[in-house]
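All remarks here apply to the structure that follows.
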Amino acid sequence: MEEFKNILKYLENLADAQLESPNVIIEPYESIVDAAIKKIKQKEPLYFKGIRTIKIVPSSDYGHVKSGPNEDPAVVFINANRLKQELSQIPEDEMVNLVASVIAHEVGHVRSFDPEKGFVGGESPAEAEEQRILNIIRN
Ligand SMILES: [Zn+2]
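Residues 44 to 182 (our numbering) are what the sequence shown spells out, left to right.
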């Protein structure tokens, strides 16, 4: 039993270490998302502290976050296929900017999370963060 507790404690610390790290893992790897992350980190190296993973998933939106039982509000979900499809006519540099703004939108949701109240403020903190990052990386 004591050993089991130690394992749990070890896993808990591992999870926290992941949140403390400014590096974020993309699962599975997606080059346009990687380029967007690098662009944000050029301006703000510690930007992804507090974000556990960026998961590339098919969904009906550009991206989302989740809370509730068995969900991790520090995970950002990005629908890379839809972004690549819809932005395919846009010059690559601006395409990377727009993907970065979608990621920043979801990061805005993650940072607004309160364990008791959920994602506080709805879309406004997400939209504010999306605009803030767009302004920074376009300049
Ligand atoms: Zn949103």
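Glycine is no exception: its CB is placed at the ideal position from the N, C-alpha and C atoms.
If you're wondering where the values come from, they're calculated on a predicted model, not measured in any experiment.
Indicate the three-state DSSP secondary structure (helix, strand or coil) for residue i in the structure shown.
i, result
"V190", "For residue 190 there is no data in the structure shown, the boundaries of the chain being 44 and 182."
"E70", "strand"
"F47", "helix"
"E87", "coil"
"Q178", "First, the residue type needs correcting, since residue 178 is Asn and not Gln in the sequence shown. Three-state DSSP puts N178 in a helix."
"S64", "coil"
"P112", "coil"
"K92", "coil"
Just list the residues that DSSP pairs residue i with in beta bridges.
i, result
"G106", "I121"
Would you say residue i touches ligand 2, meaning its beta carbon is less than 6 Å from a heavy atom?
i, result
"Q128", "Absent from the structure shown: ligand 2. Ligands present: ligand 1."
Quick one, what's near ligand 1 if you take every residue whose CB is closer than 6 Å to any heavy atom, in chain order?
H148, H152, E166 and A169
Entirely within the stretch 114 to 162 and at least 3 residues each: give me those beta strand (DSSP E) ranges in chain order.
118 to 121
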